[in-house]
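Engineer: Encoded as structure tokens, here's the structure I'll be asking about.
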Amino acid sequence: MINEDAAINGVLTPEELALLQRIFDDALRTTGYPRQSLEANLLASLIIHLYLRGIRNEDSLRALLAA
Numbered sequence: 011m012i013n014e015d016a017a018i019n020g021v022l023t024p025e026e027l028a029l030l031q032r033i034f035d036d037a038l039r040t041t042g043y044p045r046q047s048l049e050a051n052l053l054a055s056l057i058i059h060l061y062l063r064g065i066r067n068e069d070s071l072r073a074l075l076a077a
């Protein structure tokens with residue numbers, strides 16, 4: 011379950027972290043970026059940024075990354 015107050019304050023639940031990890035892993039497979047690359051770091055930052063800005067739906071996050 012997503013805790014809005016916690017996410018706003020930068021605290022994420024294990025479920026939220028699992029969601030973000032799943033999206034990140036899928037994005038790495040799609041892009042082919044190595045996990046330890048600058049591109050992967052930027053991708054991870056973007057995912058977290060979008061999530062903390064209120065885009066919490068998995069399909070919405072995936073769609074924004076694909077754009």
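In this note's numbering, the protein residues as written are 11 to 77.
Cβ atoms here follow ideal geometry from the backbone N, Cα and C, with glycine treated the same way.
Just so you know, these numbers come straight off a predicted model, no measurement behind them.
Thinking C-beta only, is Phe34 closer than 8 angstroms to Ile57?
Structural biologist: Counted from its first residue, the sequence shown places residue 57 at position 47. Counted from its first residue, the sequence shown places residue 34 at position 24. Against a cut-off of 8 angstroms, the Cβ pair of Phe34 and Ile57 comes out as a contact.
Engineer: Three-state secondary structure (DSSP) at Ile33?
Structural biologist: Reading the sequence shown from its first residue, position 23 is the one you call residue 33. Three-state result, Ile33: helix.
Engineer: Any Cβ of chain B within less than 8 angstroms of the Cβ of Ser55?
Structural biologist: Structure shown: chain B not included; a single protein chain is present.
Engineer: Any idea what DSSP makes of Arg63, helix, strand or coil?
Structural biologist: Taking the first residue of the sequence shown as 1, we reach residue 63 at position 53. In this structure, Arg63 counts as coil in the three-state DSSP scheme.
Engineer: Which one of Glu49, Arg39, Leu30 has the shortest CA to CA distance from Asp69?
Structural biologist: Start at 1 with the first residue of the sequence shown, and residue 69 comes out as number 59. It is Leu30.
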